[in-house]
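Protein chains in written order, with UniProt numbering: chain A, 1 to 290; chain B, 1 to 401; chain C, 1 to 86.
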Amino acid sequence: MSRLAPGHRGCPGCCDAMAANFVLEAAGDDVIVVSPTGCLEVMTTPYPESAWEVPWIHSLFENTASVAAGIESALKALGRKGNTKIIGLAGDGATMDIGTLGLSGAFERGHDITYVCIDNEAYMNTGVQRSGGTPYGASTTTSPTGKKSFGNRTQKKNMPAIMAAHGAPYVTTTSISYPKDMMRKVKKAVDIEGPCYIHAHAPCSTGWRFESARTVEIGKLAVETALWPLYEMEYSEITGVKKIKNKKPVEEYLKAQGRFKHLFTREGGEKEIAKIQEIADWNVKHYGLE
Amino acid sequence: MTDNPMEKMSVVEGSYATAHAVKVCRPNVISAYPITPQTHIVEDLSQFIADGEIDNCEFITIESEFSALSALVGASAAGARTYSSTSSQGLELMHEVVFNVSGMRLPTVMTVVNRAVSAPISIWNDHQDSISERDTGWIQLYAENSQEISDLTPLAYKVAEDKDVMLPAMVCMDGFILSHVFEPVVLLEQDLTDEYLPPYRPEHILDTKNPKTFGSFADPSVYTEFRYMQQKGMDIALKKIEKAVDEFTRIFGRDHGGLIDTYRADDAEILLMAMGSVVGTIKDVIDEARIDGIKVGLLKIRSFRPFPVEAVRKTLADAAVIVVLDKNISLGLNEGSLCTEVKSCLYNTDINTPVMGFMLGHGGRDISKGTIHMIIDKSQKVARSGIKVENEFVDVRGDLI
Amino acid sequence: MKIAIGGMVEPGSTRVNKTGGWRIYRPLYHKDMCIKCGICSLLCPDSSVKAQEDGYVIFDYDYCKGCGICAYECPKDAIEMVLEEK
Ligand SMILES: Cc1ncc(C[n+]2csc(CCOP(=O)(O)OP(=O)(O)O)c2C)c(N)n1
Ligand code: SF4
Ligand code: SF4
Ligand SMILES: [Mg+2]
């Protein structure tokens, strides 16, 4: 099994490393992995070392899907495609912001690739700046709290919906806190011919400010509060939803993290929390989570 | 060797000659995005693919130039022979990837159909686009006519893919002037091209049976050496280009010169220097001026990167004045790029010849014979009484400024 | 070491970098309480918990960074984080 080799420079409890490991375990050895610039790349490949046991390539921050498409085309042209899976493994910034153009193109053209977004909800590699994946109310270094600010003003971009709109055979959300769910979905995706998209929620203890031991717990709270719905889509239709048994109020998720601390200490925070609860409620209704 | 070259000639558009040359090089992955004046090349290649004329080849109709070259990073690392073509804004959009490809030592070949850059937006020819990529670690070859662009294509692959070079190559042709003009050319023969250009067999590829890591992150303790090795690759490319030219001549029987070419340069007191299609006009003017007894000749640069310092010095050694024509400008220096290179090769040598720079042909402004005659006149004065103006724009319309 | 053209790197070579030195807390394994569920080895971001043939696990202190995830997620509290003695 080709998990990441130890010795990489990820923070203790690194969510990117966990995500990569689940992908690698599920996809097997006949894979070629493409990663953009970001934490995963920097921590796994400081020259002359590499934590990768499978063929792996990094080119730039915003071209993972295009590089993957090129590899797929090359293997086809050279008659070497066989059963080899080509997997993009990229951060939320690389996926939802700067790399969307190439990702959209690759999916529209229908390359046989699996693209996994490891969504730790900010640009962690450069010091926790806001991304299109940063949730409402989160404090980051470019959406800080201040006298006139309660942190980030926008909701997470609905990237899975955008990918589903391409008519991809398989689009799904998952979370590193549900490794079995994530591995099942990765396995399913790599076995489907055509472009598949997996959006994996990945709590980052450094960026979200919680104790590293609680990484899995935090991810579960996101799902249990309905802030991170788990669902599967095939050809743009929702085909599977993970129901929530005992839905928790969003406070339970928020209060566990330093990036939301201001919502509990500052006057007016309740109103902000209420807005976040509305987001969760919308998810419950929209995805039929209960 | 061919028996009668005229018999083998077809009258085709420059773009078609290029696309045909690419075809016979047997690329595995082509990835390109349309932009005037490059469009006909990718259209012709698409037609070849549609007609089943290129085996083992995938054409990616990609969504942008940035992705076009990015896809070739993956394809080339996976062991494919790769091709793209672009112009102007497309090349500018690619810029980040352009550096990346050469740093990763991926020998892709790209035809740059030279066009001015925006703003103001212009679809017409000059060299600002490829010149702006001068320092990216790509081999840059410039063609004078359709035959040369055609012949430089397999040569570019041969040099780029050489295991001691492993650098990408741009083959540059003037937009419209070459790309859209019909000229008689010998279309490259498949059998001769196969003899000339062996299949691409890189040492390291993305391979699940031999899983290597590509594109690591380099800290200050190793980064310098990566750059140093790229420069070494360029140094080696200088010799390999000469060698590839000789082999080309042996197999195809045609010769356009090596790193440089010269025309009536042996006894020339005035040496004009230029790249690309303007060389054709210059040669005509030289013939006319020679009739008037003016000792003028030409040094044509074919390889702008690597820059053939030695060959240039040797050719320029005996001239009384050197005149450089540039279809580009380094804004803020008021000088064209070739002029800068020429001056830098002469410094620290015994050659102390005046170098005059003329910037012309921007955004497709026609370069007439009259303009070249005027430049020769000016250079004669400089030869007699020394240089006063080092660089100047040519044919600027006083009525507009 | 010589840089290969393009800087290609050998797989799994981060193993030379022993990250165990980063550790502040150390996972202590109580084998008697372990039910061999394998959660710890699945989750460990540093591949430092290895399941043996008999299903019990061993910790690789050369690389374990002491993140505490294994201990926190162990359903039987068979892993305890203790202050690293240096
Ligand atoms: C074109 C470009 N812009 C900016 C950067 C700087 N940069 C490198 S990684 C990164 C953020 C990565 O964020 P994400 O994709 O979310 O991955 P993470 O590090 O959070 O896992 C940024 C902004 C870059 N390398 N290239
Ligand atoms: S403490 Fe963290 S790094 Fe150490 S073994 Fe447990 S999960 Fe792995
Ligand atoms: S998680 Fe706990 S019970 Fe499960 S294998 Fe690890 S130590 Fe044993
Ligand atoms: Mg991120």
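Backbone N, C-alpha and C define an ideal beta-carbon position, used for all residues, glycine too. Owing to the predicted nature of the structure, the values given are computational and were not obtained by experimental measurement.
Quick check on this structure: which residue in A:K271, A:R184 and A:N152 has the alpha carbon closest to the alpha carbon of L230 of chain A?
Taking the first sequence and counting its residues from 1, the one referred to as residue 230 of chain A is at position 230. Residue A:R184 is the option with its Cα nearest to L230 of chain A.
A71 of chain B and S66 of chain A closer than 8 angstroms at C-beta:
Residue numbering aside, residue 71 of chain B sits at position 71 when the second sequence is read from its first letter. Residue numbering aside, residue 66 of chain A sits at position 66 when the first sequence is read from its first letter. Contact flag set, yes.
Please indicate yes or no: does the CB of D92 of chain A lie closer than 7 angstroms to some heavy atom of ligand 4?
Along the first sequence, read from residue 1 onward, the residue named residue 92 of chain A stands at position 92. Yes; taking the cut-off as 7 angstroms, the Cβ of D92 of chain A has a heavy atom of ligand 4 nearer than that.
Buried versus exposed call for F182 of chain B [16 or more other C-beta atoms within 10 Å across all chains shown]:
Along the second sequence, one-based indexing puts residue 182 of chain B at 182. The residue in question, F182 of chain B, is exposed, as its Cβ has fewer than 16 Cβ neighbours within 10 Å.
Quick one: what's got a C-beta closer than 8 angstroms to F150 of chain A's C-beta in the same chain, skipping five residues either side?
To locate residue 150 of chain A, count along the first sequence from 1; it is residue 150. Closer than 8 angstroms at Cβ, skipping near neighbours: G137, H262, L263, R266, G268, G269 and E272.
Just the C-alpha distance for K378 of chain B and L299 of chain B, rounded to the nearest angstrom, thanks.
Counting from one through the second sequence, the residue named residue 378 of chain B turns up at place 378. Counting from one through the second sequence, the residue named residue 299 of chain B turns up at place 299. Roughly 18 angstroms separates the two Cα atoms.
If I measure Cβ to Cβ from A51 of chain C and keep anything under 7 angstroms in the same chain, skipping five residues before and after, which residues do I get?
Numbered from its first residue, the third sequence carries residue 51 of chain C at position 51. Closer than 7 angstroms at the Cβ level, and outside the excluded window around A51 of chain C, lie G38, S41 and V57.
Straight-line gap, T2 of chain B to S10 of chain B (C-alpha atoms, nearest Å):
On the second sequence, position 2 is the one that residue 2 of chain B refers to. On the second sequence, position 10 is the one that residue 10 of chain B refers to. Its pLDDT being 48, under 50, T2 of chain B is placed unreliably by the model, and nothing is read from it.
Name the DSSP beta bridge partners of R305 of chain B, please?
In the second sequence, counting from the first residue as 1, residue 305 of chain B sits at position 305. R305 of chain B pairs with B:Q140.
In chain A, which residues lie less than 7 angstroms from C67 of chain C when you measure between Cβ atoms?
Taking the third sequence and counting its residues from 1, one reaches residue 67 of chain C at position 67. Ordered by position in chain A, the residues that pass the 7 angstroms Cβ test against C67 of chain C are P12, G13, S212 and A213.
In the DSSP assignment, the alpha helix (DSSP H) including K50 of chain C goes from what residue to what residue?
On the third sequence, position 50 is the one that residue 50 of chain C refers to. K50 of chain C -> not in any alpha helix (DSSP H); beta strand (DSSP E) instead, spanning V49 to A51.
Grab me the residues of T172 of chain A's own chain with a C-beta within less than 6 angstroms of its C-beta, minus the 5 sequence neighbours each way, in chain order.
To locate residue 172 of chain A, count along the first sequence from 1; it is residue 172. Closer than 6 angstroms at the Cβ level, and outside the excluded window around T172 of chain A, lie K185, I198 and E232.
Is the beta carbon of K2 of chain C within less than 7 angstroms of some heavy atom of ligand 3?
In the third sequence, counting from the first residue as 1, residue 2 of chain C sits at position 2. Within 7 angstroms of the C-beta of K2 of chain C there is not a single heavy atom belonging to ligand 3.
Check N17 of chain C in the structure and name its three-state DSSP category.
Here residue 17 of chain C is taken as the residue at index 17 of the third sequence, counted from 1. The answer is coil: DSSP assigns N17 of chain C none of H, G, I, E or B.
Could you check what DSSP says for H201 of chain A in three-state terms: helix, strand or coil?
Reading the first sequence from its first residue, position 201 is the one you call residue 201 of chain A. Of the three classes helix, strand and coil, the one that applies to H201 of chain A here is strand, per DSSP.
Proximal residues, the segment 184-211 of chain B versus chain A, C-beta separation under 7 angstroms:
Answer set for the segment 184-211 of chain B: L206, D207, T208 and P211.
Give the residues of chain B in contact with Y9 of chain C, contact being defined as C-beta atoms less than 7 angstroms apart.
Counting from 1 along the third sequence, the entry for residue 9 of chain C is found at position 9. With the sequence shown as reference, residue 9 of chain C is identified as Val, and Tyr is not the correct amino acid for it. What V9 of chain C touches in chain B: K212, T213 and S216.
If we define contact as Cβ-Cβ less than 8 angstroms, is T2 of chain B a contact residue for chain A?
As a working note, residue 2 of chain B is residue 2 in the second sequence. In this predicted model, T2 of chain B has a pLDDT of only 48, less than 50, meaning its place in the structure is not dependable; the value taken from the coordinates is given anyway. Not one chain A Cβ lies under 8 angstroms of T2 of chain B.
Any chance you could list the beta strand (DSSP E) runs of at least 3 consecutive residues sitting entirely within the segment 182-209 of chain B, in chain order?
182-186
Under the three-state reduction of DSSP, which class applies to K8 of chain B: helix, strand or coil?
On the second sequence, position 8 is the one that residue 8 of chain B refers to. If DSSP states are grouped into helix, strand and coil, K8 of chain B belongs with the helices.
Less than 7 angstroms between the CB of G88 of chain A and some heavy atom of ligand 2, yes or no?
The residue labelled residue 88 of chain A in the question sits at position 88 within the first sequence. Every heavy atom of ligand 2 is 7 angstroms or more from the Cβ of G88 of chain A, so no.
N114 of chain B vs D174 of chain B beta-carbon contact at 8 angstroms
Locating residue 114 of chain B in the second sequence gives position 114, where the first residue counts as 1. Locating residue 174 of chain B in the second sequence gives position 174, where the first residue counts as 1. Cβ distance < 8 angstroms, so N114 of chain B and D174 of chain B count as in contact.
Residues in the same chain with beta-carbon distance under 6 angstroms from W56 of chain A, minus the five sequence neighbours each way, listed in chain order, please.
Indexing the first sequence from 1 puts residue 56 of chain A at position 56. Once the five neighbours on either side are set aside, the close Cβ partners of W56 of chain A are V33.
Going by beta carbon distance, what residues of the same chain come within less than 7 angstroms of T64 of chain A, once the five residues before and after it are set aside?
As a first step, residue 64 of chain A must be located in the first sequence, where it is residue number 64. The residues are V34, S35, P36, G88, A90, A94 and G99.
List, in chain order, every chain B residue whose beta-carbon is nearer than 8 angstroms to that of T45 of chain A.
As a first step, residue 45 of chain A is located in the first sequence; it is residue number 45 there, counting from the start. Those within 8 angstroms of T45 of chain A in chain B are T213, G215, S216 and F217.
Option in A:K285, A:S73 and A:E234 with minimal Cα separation from I192 of chain A
Taking the first residue of the first sequence as position 1, residue 192 of chain A is located at position 192. Nearest option by C-alpha distance: A:E234.
Could you pull the start and end residues of the beta strand (DSSP E) that R26 of chain C belongs to?
Along the third sequence, read from residue 1 onward, the residue named residue 26 of chain C stands at position 26. Element bounds for R26 of chain C: Y25 to Y29.
Should V216 of chain A be listed as close to ligand 3, given that the test is whether its C-beta is under 7 angstroms from any heavy atom?
Here residue 216 of chain A refers to the residue found at position 216 of the first sequence. Outside the cutoff, so no.
Can you tell which of A:L75, A:A106 and A:G258 has the C-alpha that lies nearest to the C-alpha of R214 of chain A?
As a working note, residue 214 of chain A is residue 214 in the first sequence. The residue with the shortest Cα to Cα distance from R214 of chain A is A:G258.
Please confirm if K18 of chain C has its CB atom under 8 angstroms from at least one CB of chain A.
Taking the third sequence and counting its residues from 1, one reaches residue 18 of chain C at position 18. Yes, its Cβ sits closer than 8 angstroms to a Cβ of chain A.
Using a Cβ-Cβ cutoff of less than 6 angstroms, which residues in the same chain neighbour R81 of chain B once the five nearest sequence positions on both sides are dropped?
The residue you call residue 81 of chain B lines up with position 81 of the second sequence. Contacts found: P27, N28 and Y200.
Note down the Cα distance separating E63 of chain B from T36 of chain B, rounded to an integer number of angstroms.
Stepping through the second sequence from its first residue, residue 63 of chain B is reached at position 63. Stepping through the second sequence from its first residue, residue 36 of chain B is reached at position 36. Approximately 16 angstroms between the Cα atoms of the pair.
Residue-chain proximity (P203 of chain A, chain C), Cβ-Cβ < 8 angstroms
Translated into the one-based positions of the first sequence, residue 203 of chain A becomes position 203. It does not; no Cβ of chain C falls within 8 angstroms.
Here's a check: name, in chain order, each residue in its chain whose Cβ is nearer than 7 angstroms to the Cβ of P179 of chain A, leaving out the five neighbours to either side.
Within the first sequence, residue 179 of chain A is the residue found at index 179, counting from 1. F22, listed in sequence order.
Should the segment 9-17 of chain C be called in touch with the segment 38-55 of chain A, which here means at least 3 C-beta pairs below 8 angstroms?
yes
Are T197 of chain B and P154 of chain B close, meaning C-beta to C-beta below 8 angstroms?
Within the second sequence, residue 197 of chain B is the residue found at index 197, counting from 1. Within the second sequence, residue 154 of chain B is the residue found at index 154, counting from 1. The question names Thr, but residue 197 of chain B in the sequence shown is Leu. Their beta carbons are under 8 angstroms apart, which means L197 of chain B touches P154 of chain B by this criterion.
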